[in-house]
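Asker: Top line first, the protein sequences correspond to chains U and L. Its first residue numbered 0, the first sequence is counted upward by one per residue in numbering that gives the first Met the number 0. Its first residue numbered 0, the second sequence is counted upward by one per residue in numbering that gives the first Met the number 0. All residues carry an ideal CB built from backbone N, CA and C; glycine is no exception. Since the structure is predicted, the reported quantities are computational estimates derived from the model, not experimental observations. Take a look at this one; I'll ask things after.
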Amino acid sequence: MLSTDTDILATAEAWREAGRGVALATVIETWGSAPRPVGSHLIIDQEGNFLGSVSGGCVEGAVIAEAADVIEDGQPRVLEFGVADETAWRVGLSCGGRIRVLVEPVA
Amino acid sequence: MKLDILREMNRERAARRAVILVTDTVDGTQRLVREAEAAADPLAAELGARFRSGKSGIVEADGRSLFLTVQVPPPRLVVIGAVHISQALAPMAQATDLDVTIIDPRTAFATPERFPNVALLPLWPDDALAQLPALDRYTAVAALTHDPKIDDPALIAALKAECFYVGALGSRKTHGRRVERLTAAGLTEERIARIAAPIGLDIGAVSPAEIAVSVLAQVIAALRQDRRRAPA
Numbered sequence: 000m001l002s003t004d005t006d007i008l009a010t011a012e013a014w015r016e017a018g019r020g021v022a023l024a025t026v027i028e029t030w031g032s033a034p035r036p037v038g039s040h041l042i043i044d045q046e047g048n049f050l051g052s053v054s055g056g057c058v059e060g061a062v063i064a065e066a067a068d069v070i071e072d073g074q075p076r077v078l079e080f081g082v083a084d085e086t087a088w089r090v091g092l093s094c095g096g097r098i099r100v101l102v103e104p105v106a
Numbered sequence: 000m001k002l003d004i005l006r007e008m009n010r011e012r013a014a015r016r017a018v019i020l021v022t023d024t025v026d027g028t029q030r031l032v033r034e035a036e037a038a039a040d041p042l043a044a045e046l047g048a049r050f051r052s053g054k055s056g057i058v059e060a061d062g063r064s065l066f067l068t069v070q071v072p073p074p075r076l077v078v079i080g081a082v083h084i085s086q087a088l089a090p091m092a093q094a095t096d097l098d099v100t101i102i103d104p105r106t107a108f109a110t111p112e113r114f115p116n117v118a119l120l121p122l123w124p125d126d127a128l129a130q131l132p133a134l135d136r137y138t139a140v141a142a143l144t145h146d147p148k149i150d151d152p153a154l155i156a157a158l159k160a161e162c163f164y165v166g167a168l169g170s171r172k173t174h175g176r177r178v179e180r181l182t183a184a185g186l187t188e189e190r191i192a193r194i195a196a197p198i199g200l201d202i203g204a205v206s207p208a209e210i211a212v213s214v215l216a217q218v219i220a221a222l223r224q225d226r227r228r229a230p231a
């Protein structure tokens with residue numbers, strides 16, 4: 000199902016109400032050509048189920064992996080992705096942009 | 000994010016009220032600011048500008064890096080006319096995150112069979128609009144009935160409410176007569192000029208579904224005006 004911003008935050012609330020561990024990822028800064036605008040959301044539960052996007056699919060895997068730790072320890076963190084990053088060949092943005100993503104627990 | 004804050008954001012969105020979530024990007028602490036409270040906030044000037052632009056972003060204040068999540072009411076499309084074009088337009092518009100309502104007093108047209116999964120009000124526009132959250136600048140109105148008795152009251156309400164998009168189906172000749180009626184109803188030339196007519200982007204649309212694409216594209220163009228490379 001195609002998800003919208005409205006669905007994403009409403010779903011985060013529903014997941015949490017149902018007792019699931021939930022993390023919220025938000026694009027907080029972009030430079031150059033970035034696939035999703037600042038403010039875009041991705042939500043992740045402790046099983047790795049997710050809804051929404053913070054890129055065109057390029058870095059979601061890394062954000063989802065990090066979200067598991069955020070749900071576990073309850074500490075927010077800021078992730079940065081881009082071609083300038085040394086991990087660019089692993090997870091990066093093929094479009095050449097850079098993005099910063101805040102991942103926080105919903106508690 | 001605290002669950003209470005998330006609940007509050009979802010509630011405000013459902014009520015079509017703008018809010019800004021202020022998040023400290025280092026320690027994760029957050030607070031929610033409603034539009035009415037913004038003037039008394041330490042970040043008043045910045046928050047005011049953000050409510051106007053609708054754009055989220057980082058702001059530096061007192062040596063702290065704060066992220067402002069700006070949540071303005073979700074864009075809404077009110078379609079006047081439960082016609083063939085509307086049947087194609089409603090699901091497409093919903094897929095682009097527009098909250099869609101169809102209004103048509105002709106009960107033979109406004110049936111759930113013709114419009115599954117969309118809010119449908121089989122009422123005259125004045126009565127229907129009174130039942131909905133008030134028209135606002137986050138709302139688009141497309142008048143598609145060809146019938147002045149139905150289209151005109153909705154167009155007048157939309158122009159007065161400064162809806163971000165107001166479009167009306169009909170040829171140039173039909174629109175000329177519409178302009179005369181709206182002028183007689185007391186609307187200024189400037190306001191009337193905001194109506195997109197003939198409706199839709201000029202893509203040579205023929206079928207109802209193609210016309211729906213051209214209307215939806217025009218609504219999105221109005222919504223994303225500030226991101227466009229060429230002027231309207």
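Of all the CB atoms in chain U, is at least one closer than 8 Å to the CB of Ile-248 of chain L?
Answerer: Outside the shown range of chain L, which is 0 to 231, sits residue 248 of chain L, and nothing can be said about it.
Asker: Let me know if Val-18 of chain L comes out buried or exposed under the rule of 16 or more other beta-carbons within 10 Å of its beta-carbon.
Answerer: Buried, by the Cβ-count rule.
Asker: In the DSSP output, which residue or residues are listed as bridge partners for Gly-314 of chain L?
Answerer: This structure cannot settle anything about residue 314 of chain L, because the visible part of chain L is limited to 0 through 231.
Asker: Which residues bound the beta strand (DSSP E) around Ala-139 of chain L?
Answerer: First-last of the beta strand (DSSP E) with Ala-139 of chain L: 138-142.
Asker: Starting from the N-terminal side, write out each stretch of the beta strand (DSSP E) that is 3 residues or longer and does not extend beyond the segment 7-56 of chain U.
Answerer: Complete beta strand (DSSP E) runs here, min 3: 21-30, 40-44 and 49-51.
Asker: 8 Å is my cut-off, CB to CB: does Asp-96 of chain L come that close to chain U?
Answerer: Closer than 8 Å: yes.
Asker: Taking just the CA atoms, how far does Gly-60 of chain U sit from Asp-151 of chain L?
Answerer: The alpha-carbon atoms of Asp-151 of chain L and Gly-60 of chain U are separated by roughly 51 Å.
Asker: Taking only the alpha-carbon atoms, compute the straight-line gap between Asp-146 of chain L and Val-214 of chain L and give it to the nearest angstrom.
Answerer: Each residue's Cα considered, the two are about 18 Å apart.
Asker: Ends of the alpha helix (DSSP H) at Asp-126 of chain L?
Answerer: Where Asp-126 of chain L is concerned, the enclosing alpha helix (DSSP H) stretches over 124-130.
Asker: Under DSSP, the beta strand (DSSP E) around Arg-99 of chain U begins and ends at which residues?
Answerer: Element bounds for Arg-99 of chain U: 97-105.
Asker: Would you tell me roughly how many angstroms separate the C-alpha atoms of Gly-62 of chain L and Gly-27 of chain L, rounded to the nearest one?
Answerer: Cα-Cα distance, rounded: 15 Å.
Asker: Indicate the three-state DSSP secondary structure (helix, strand or coil) for Thr-68 of chain L in the structure shown.
Answerer: Here Thr-68 of chain L sits in strand by DSSP.
Asker: If you follow the beta strand (DSSP E) that Arg-76 of chain U is part of, which residue opens it and which one closes it?
Answerer: Taken as a continuous stretch (DSSP letters only), the beta strand (DSSP E) holding Arg-76 of chain U covers 76-81.
Asker: Which first and last residues belong to the beta strand (DSSP E) in which Ala-118 of chain L is found?
Answerer: 118-120 is the extent of the beta strand (DSSP E) around Ala-118 of chain L.
Asker: Whose Cβ in chain L lies nearer than 7 Å to the Cβ of Ile-27 of chain U?
Answerer: By Cβ distance, chain L contributes Thr-24, Ile-57 and Phe-66.
Asker: Measuring only between beta-carbons, confirm whether Pro-73 of chain L sits less than 8 Å from chain U.
Answerer: Yes, Pro-73 of chain L lies at the interface with chain U (some Cβ there is under 8 Å from its Cβ).
Asker: The beta strand (DSSP E) that contains Arg-49 of chain L, what's its start and end?
Answerer: Element bounds for Arg-49 of chain L: not the beta strand (DSSP E) but the alpha helix (DSSP H), 43-52.
Asker: Could you please give the first and the last residue of the uninterrupted beta strand (DSSP E) stretch that includes Asp-98 of chain L?
Answerer: That run of the beta strand (DSSP E) goes 98-102.
Asker: Answer with buried or exposed for Glu-103 of chain U, where buried requires no fewer than 16 other C-beta atoms within 10 angstroms of its C-beta.
Answerer: With 16 or more Cβ atoms within 10 Å of its Cβ, Glu-103 of chain U is classed as buried.
Asker: To which residues of the same chain is Ala-33 of chain U closer than 6 Å at the C-beta, ignoring the five residues directly before and after it?
Answerer: Hits under 6 Å: Gly-96 and Ile-98.
Asker: For Gln-29 of chain L, which beta-bridge partners are listed by DSSP?
Answerer: Answer is L:Thr-22.
Asker: Is Arg-232 of chain L helix, strand or coil by DSSP?
Answerer: Since the first residue of chain L shown is 0 and the last is 231, residue 232 of chain L is not available in this structure.
Asker: Determine the direct distance from the alpha carbon of Lys-148 of chain L to that of Arg-105 of chain L, and round the result to whole angstroms.
Answerer: Rounded to whole angstroms, Arg-105 of chain L to Lys-148 of chain L spans 12 Å at the Cα level.
Asker: Provide the residue span of the alpha helix (DSSP H) that contains Ile-4 of chain L, from first to last.
Answerer: Note, Ile-4 of chain L: alpha helix (DSSP H), 2-13.
Asker: Quick one: what does DSSP say Ala-81 of chain L is sitting in, helix, strand or coil?
Answerer: Coil.
Asker: Once you ignore the five residues that flank Val-212 of chain L on each side, which residues in its own chain have a CB closer than 6 Å to its CB?
Answerer: Excluding positions up to five away in sequence, the list is empty.
Asker: For the structure I just gave you, are there three or more beta carbon pairs, one from the segment 51-61 of chain L and one from the segment 9-16 of chain L, closer than 8 Å?
Answerer: Judged by Cβ distances under 8 Å, the segment 51-61 of chain L makes no contact with the segment 9-16 of chain L, as fewer than three pairs qualify.
Asker: With a cut-off of 8 Å, do at least 3 Cβ pairs link the segment 91-100 of chain L to the segment 180-194 of chain L?
Answerer: Short answer: they don't touch.
Asker: Relative to the C-alpha of Leu-128 of chain L, which candidate in L:His-174, L:Gln-70 and L:Arg-75 has its C-alpha closest?
Answerer: Leu-128 of chain L has its Cα closest to that of L:Arg-75, out of L:His-174, L:Gln-70 and L:Arg-75.
Asker: Would you kindly work out how many angstroms separate the C-alpha atoms of Ala-87 of chain U and Glu-65 of chain U, rounded to a whole number?
Answerer: Here the model assigns Ala-87 of chain U a pLDDT of 47, short of 50, so the residue's position is not dependable and the matter cannot be decided.
Asker: Taking 8 Å as the CB-CB limit, is Gly-31 of chain U close to chain L?
Answerer: Taking Cβ atoms only, chain L never reaches closer than 8 Å to Gly-31 of chain U, which makes this a no.
Asker: Candidates L:Ser-85, L:Gly-203 and L:Ile-4: which alpha carbon is nearest Arg-30 of chain L's?
Answerer: Out of L:Ser-85, L:Gly-203 and L:Ile-4, L:Ile-4 has the C-alpha closest to the C-alpha of Arg-30 of chain L.
Asker: Is there a Cβ of chain L sitting closer than 8 Å to that of Leu-101 of chain U, yes or no?
Answerer: Interface residue, yes.
Asker: Which whole-angstrom value describes the C-beta separation of Ser-170 of chain L and Pro-207 of chain L, a residue pair presumed to lie in contact below a C-beta threshold of 8 Å?
Answerer: Contact flag wrong, Cβ pair sits at about 16 Å.
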